[in-house]
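Report on the structure given below.
In the numbering used here, the protein residues as written are 641 to 953.
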């Protein structure tokens, strides 16, 4: 087995990295092979690369015009890979250690206003009614199911600050509608409790009645959010649907499910929630990751000041 394949297996099995993370490492390492080893799919001569090769690779990434964050991530992938090979005794040194820092860019996350979120939720029902009226829906029952499901999914993501992967990964045993909480399985297999507000609980109850038309499986391990065939709904499938709802609502097409999570955090801080509590609800290991939302709130306050204060300019 090639060292790259061994490393990816190590990430998935021993480090329990998510499929998304493993795919990211794979793409970064394959790009390195493409640039530095002529794209040889069977390349396995990793000890041949030294510090000069690492610098050359860094220069190639800059020539490609990649963002600082992308370059930093790719270098981190190579550092981790070589660290693994050092532990395995394949290489004696790590050529990607102590390369010049790329100075990561901290972009403020985009958020949706409360009104925009309400418009999005209302657009789900409007879109499916329109599909029925125009004869584009296969049948009214399926349209009603999809409408109820996607409204509930949006409510759950926004109510608890979930990632889309966490939301579609929910199982029946994770949801407590009476207590108004859900057990979320986050990154690195970490678990956290998230709240379900009244609108989210109401939307979930409505959806679960429609869910019965697609599957009767309500076992503890059964997925909460299912597709038309009763299997687990994928994040990609919902993201495709979201584009239609955004268009229906007249909202920017670049809004994503993750913007709902950003909005959840920012709206909490706007309302006076303390940073530590928001960190816990988001499942961030590092408080610094959560602090980015305080910058969003500060910028919003500055903008309001500039617009409203007579001597702001």
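No residue lacks a Cβ here, since even glycine has one placed at the ideal position from N, Cα and C.
For clarity, every value in this text was computed on a predicted model and none was experimentally measured.
Distance between residue j and residue i (C-alpha atoms, nearest Å)
i           : j           : result
residue 785 : residue 830 : 31 Å
residue 690 : residue 734 : 8 Å
residue 823 : residue 740 : 41 Å
residue 906 : residue 871 : 33 Å
residue 931 : residue 909 : 10 Å
residue 843 : residue 835 : 14 Å
residue 849 : residue 795 : 16 Å
residue 920 : residue 704 : 38 Å
residue 893 : residue 726 : 45 Å
residue 753 : residue 728 : 50 Å
residue 736 : residue 699 : 13 Å
residue 957 : residue 934 : Past the boundaries of the shown model lies residue 957; the chain is included only from 641 to 953, so the question cannot be answered.
residue 730 : residue 688 : 11 Å
residue 643 : residue 875 : 31 Å
residue 924 : residue 814 : 20 Å
residue 682 : residue 669 : 13 Å
Per-residue DSSP class, three states only, for residue i
i           : result
residue 821 : strand
residue 755 : helix
residue 740 : coil
residue 815 : strand
residue 854 : coil
residue 620 : The first residue shown for the chain is 641 and the last is 953, placing residue 620 beyond what the model contains.
residue 839 : helix
residue 730 : coil
residue 866 : strand
residue 786 : helix
residue 774 : coil
residue 675 : helix
Sub-9 Å separation of residue i and residue j beta-carbons
i           : j           : result
residue 886 : residue 763 : yes
residue 802 : residue 865 : no
residue 717 : residue 827 : no
residue 840 : residue 792 : yes
residue 960 : residue 812 : Outside the shown range of the chain (641 to 953) lies residue 960, about which nothing can therefore be said.
residue 789 : residue 851 : yes
residue 715 : residue 889 : no
residue 897 : residue 804 : yes
residue 756 : residue 891 : yes
residue 880 : residue 868 : no
Whole-angstrom C-beta distance between residue j and residue i, which should lie under 8 Å
i           : j           : result
residue 884 : residue 798 : The Cβ separation is near 18 Å, so there is no contact.
residue 900 : residue 808 : In fact, because the Cβ distance is near 13 Å, the residues do not count as touching under 8 Å.
residue 673 : residue 680 : 7 Å
Limits of the unbroken beta strand (DSSP E) element including residue i
i           : result
residue 833 : 831 to 835
Range covered by the alpha helix (DSSP H) that runs through residue i
i           : result
residue 696 : 691 to 703
residue 897 : 897 to 910
residue 874 : Premise fails: residue 874 is in no alpha helix (DSSP H) and is neither H nor E.
residue 654 : First-last for residue 654: undefined, no H or E at that position.
residue 808 : 804 to 808
residue 918 : 915 to 922
Cβ of residue i within 9 Å of any chain D Cβ
i           : result
residue 891 : Judged by its chain identifiers, the structure shown contains no chain D, having just a single protein chain.
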